[in-house]
Amino acid sequence: MNTNANFTRRAKSWAAAAVAVAALAGAVAPAAAAIPAAAIPTVDGAPAARHATAQRGALVSVTPVADLDRAEVAAFLKAAGPGDGTVRYGIRTYRLTYRTVTPTGGPTTATGLLVLPKGGAHRLDLVSDTHGTMVHRDYAPSVAEDFGLLPPYLHGSAGRAVAAPDYLGLGKGPGTHPYMDTRSSVTASLDMLRASRTAAQRLGRPLTGDVYATGFSQGGQVAAALAKQLAAGADRHLRLRALAPVAGPYDLERAELPAMFDGRINDVSAVVYMTYFLTAQKRLHPIYKDPADVYRAPYDKVVEGLYDGLHTEEQIAGALPPNIKELFTPDFYARLANPSGSLLDVLRRQDGGCAWKPKVPVRLYASSGDRDVPIANARSCAADFAKRGVRAPVLDQGNVDHGGTFMKAGPDSVRWFDRLAGVRPAR
Numbered sequence: 025m026n027t028n029a030n031f032t033r034r035a036k037s038w039a040a041a042a043v044a045v046a047a048l049a050g051a052v053a054p055a056a057a058a059i060p061a062a063a064i065p066t067v068d069g070a071p072a073a074r075h076a077t078a079q080r081g082a083l084v085s086v087t088p089v090a091d092l093d094r095a096e097v098a099a100f101l102k103a104a105g106p107g108d109g110t111v112r113y114g115i116r117t118y119r120l121t122y123r124t125v126t127p128t129g130g131p132t133t134a135t136g137l138l139v140l141p142k143g144g145a146h147r148l149d150l151v152s153d154t155h156g157t158m159v160h161r162d163y164a165p166s167v168a169e170d171f172g173l174l175p176p177y178l179h180g181s182a183g184r185a186v187a188a189p190d191y192l193g194l195g196k197g198p199g200t201h202p203y204m205d206t207r208s209s210v211t212a213s214l215d216m217l218r219a220s221r222t223a224a225q226r227l228g229r230p231l232t233g234d235v236y237a238t239g240f241s242q243g244g245q246v247a248a249a250l251a252k253q254l255a256a257g258a259d260r261h262l263r264l265r266a267l268a269p270v271a272g273p274y275d276l277e278r279a280e281l282p283a284m285f286d287g288r289i290n291d292v293s294a295v296v297y298m299t300y301f302l303t304a305q306k307r308l309h310p311i312y313k314d315p316a317d318v319y320r321a322p323y324d325k326v327v328e329g330l331y332d333g334l335h336t337e338e339q340i341a342g343a344l345p346p347n348i349k350e351l352f353t354p355d356f357y358a359r360l361a362n363p364s365g366s367l368l369d370v371l372r373r374q375d376g377g378c379a380w381k382p383k384v385p386v387r388l389y390a391s392s393g394d395r396d397v398p399i400a401n402a403r404s405c406a407a408d409f410a411k412r413g414v415r416a417p418v419l420d421q422g423n424v425d426h427g428g429t430f431m432k433a434g435p436d437s438v439r440w441f442d443r444l445a446g447v448r449p450a451r
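Each residue of the sequence shown is one higher than the one before, starting from 25 at the first, in the working numbering.
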């Protein structure tokens, strides 16, 4: 997130691309209905119903979303910012509804976007693309018309399948989003990979099982933690091949939170990030009892209601003060500056995504100009890997903002995945 002015500039810069892709997809999406998983034949032609279970990752339904040719995808990516230099193919996209679990382990469903290229190899490698902070459920990839589509379109048009989970409580999933709850974001993402494997096979584009993990912002942190689980053998059908997260908040305790107090994170972003985090975490953990113990009046009466998945970034930022000092009570402001007890425990629950030893190539994208997720996060992650004997270079994209980091790093990650897979450049 950025300042109100940046919200407006970002909206304008994506507007033309969003209108274009909505028009292109419009002929497909309104007419498309969800296809129950049982109605999609398996490869052997047998009804899927006999294979259906209530297990995690089980496919519930597939909804066609868009069917774009190469020129249409290229025009969208060029207008939106990343450019069309990696585009090889058109794409078909599908909203998957699948079974997963809540933060407490109960059964639930979630949605996500599966992207399949219209060309290339019959059996496809898979990119796991986990998205950044989204406050409105309709920003999520399977229902988005703007930024939520850029990463999956970028990787899908290069010739790989893409699994882009919406996470819990976003897209068409029930409930509210447990923001920055790493564990449930990882389980929803892993189960999206499983559902994607099933759907791709039944749609005639089986997967190789090789997974290239990436993600932006919140999704960068999720990507690292998901890769850790894949490397540990979370699913025998899925093999981690590379990790390339972009601008992830890997270290809330020692990098992200301190930056909210020393000016490295812009004020409005700090307000939105912290209120979203505290609201979501309070639903899971006893970090406070009464909003009046945390927020000054009148904000104590409004903050929690803003994070229902139906408010936009602009609406939330407009309802809150311009900085965290005016938002929090003096006591809670001091507690944030030096967290302890349940608050510190919650922060540490989300960290640790880089505390493992990858046996695959890793690179960490970040920017020295990022005032949402400072580059200190990537350096902390690299240090965690280095402690375990792994060199993970931090690729500084320069003096660009948070969104600009992705605009530069996204295409570069596509080309890096190409080189690792032995694929020739698009042009």
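C-beta atoms are modelled at their ideal positions from N, C-alpha and C, and glycine is treated no differently.
**Rounded straight-line distance, which links the Cα of residue 344 to that of residue 327** = 8 Å
**Request:** Label residue 305 either buried or exposed according to how many other C-beta atoms from any shown protein chain fall within 10 Å of its C-beta, with 16 as the threshold for buried.
**Result:** buried
**Where residue 218 sits in the DSSP three-state scheme** = helix
**Prompt:** By DSSP, does residue 232 sit in helix, in strand, or in coil?
**Reply:** strand
**Prompt:** Helix, strand or coil: which one does DSSP assign to residue 190?
**Reply:** coil
**Message:** Within the continuous alpha helix (DSSP H) that includes residue 263, where are the two ends?
**Reply:** Not the alpha helix (DSSP H): residue 263 falls in the beta strand (DSSP E), residues 263-270.
**Request:** Would you mind working out which of 113, 84 and 86 sits nearest residue 96, comparing C-alpha positions?
**Result:** 113
**Asked** Between the C-alpha atoms of residue 441 and residue 159, what's the straight-line distance to the nearest angstrom?
**Response** 30 Å
**Request:** Name the residue from 378, 399 and 434 whose alpha carbon lies nearest to the alpha carbon of residue 411.
**Result:** 378
**Asked** Taking the alpha-carbon positions, what's the residue 367 to residue 218 distance?
**Response** So the alpha carbons of these two residues sit roughly 33 Å apart.
**Asked** Leaving out five residues before and five after residue 380 in sequence, what residues of the same chain have Cβ atoms less than 6 Å from its Cβ?
**Response** The beta carbon of residue 380 sits closer than 6 Å to the beta carbons of 252 from its chain, once the five residues preceding and following it are set aside; these are given in chain order.
**Prompt:** Leaving out five residues before and five after residue 311 in sequence, what residues of the same chain have Cβ atoms less than 6 Å from its Cβ?
**Reply:** Beyond the five residues adjoining it in sequence on each side, residue 311 comes within less than 6 Å, by CB distance, of 305, 366, 367 and 370 in the same chain, given in chain order.
**Message:** Ignoring anything shorter than 4 residues, give me the alpha helix (DSSP H) runs that lie fully in the region 323-354, in order along the chain.
**Reply:** 327-330, 337-343 and 348-351
**Message:** Please tell me whether residue 232 and residue 123 are closer than 7 Å, where the distance is taken between their beta carbons.
**Reply:** no
**Asked** Which value, in whole angstroms, describes the spacing of the CA atoms of residue 111 and residue 182?
**Response** 5 Å
**Prompt:** CA-CA distance, residue 100 and residue 143?
**Reply:** 19 Å
**Item:** residue 254 to residue 321 span [Cα, whole Å]
**Value:** Between the C-alpha atoms of residue 254 and residue 321 there is a straight-line separation of about 45 Å.
**Prompt:** With a Cβ-Cβ cutoff of 7 Å, do residue 137 and residue 222 count as a contact?
**Reply:** No.
**Item:** Cutoff 7 Å; reference residue 125; Cβ partners in own chain excluding five residues on either side
**Value:** 80, 131, 132 and 211
**Message:** With H, G and I counted as helix, E and B as strand and the rest as coil, what does DSSP make of residue 112?
**Reply:** Collapsing the DSSP output to three states places residue 112 in coil.
**Item:** Through-space distance from residue 189 to residue 261, alpha-carbon basis
**Value:** 18 Å
**Asked** So, is residue 215 buried or exposed, given that buried needs 16 or more other C-beta atoms within 10 angstroms?
**Response** buried
**Asked** Is it the case that the Cβ atoms of residue 116 and residue 153 are separated by a distance below 7 Å?
**Response** no
**Asked** So, do the region 233-243 and the region 344-363 have three or more beta carbon pairs nearer to each other than 8 Å?
**Response** no
**Prompt:** Whole beta strand (DSSP E) runs in the region 123-192 with 3 or more residues, listed along the chain?
**Reply:** With a minimum length of 3 residues, the continuous beta strand (DSSP E) runs that stay inside the region 123-192 are 131-141, 148-154 and 185-189.
**Through-space distance from residue 295 to residue 447, alpha-carbon basis** = About 43 Å.
**Message:** Distance check for residue 376 and residue 249, CA to CA, integer angstroms please.
**Reply:** 8 Å
**For residue 342 and residue 391, the rounded distance between their alpha carbons** = 27 Å
**Prompt:** Helix, strand or coil: which one does DSSP assign to residue 292?
**Reply:** It is helical.
**Asked** residue 242: which of 415, 374 and 118 sits nearest, CA to CA?
**Response** 374
**Exposed unless 16 or more other CB atoms sit within 10 angstroms - verdict on residue 383** = exposed
**Rounded separation between residue 267 and residue 258 - CA only** = 16 Å
**Prompt:** Do residue 299 and residue 197 have their C-beta atoms within less than 7 Å of each other?
**Reply:** no
**Message:** Are the CB atoms of residue 230 and residue 180 within a distance shorter than 7 Å?
**Reply:** The beta carbons of residue 180 and residue 230 sit no closer together than 7 Å.
**Message:** Give me, in chain order, the residues of the same chain whose beta-carbon lies closer than 8 Å to that of residue 277; leave out the 5 immediate sequence neighbours on both sides.
**Reply:** 363, 368, 371, 372 and 375
**Request:** For the alpha helix (DSSP H) containing residue 205, list its first residue and its last residue.
**Result:** Careful: residue 205 lies outside any alpha helix (DSSP H) and carries neither H nor E.
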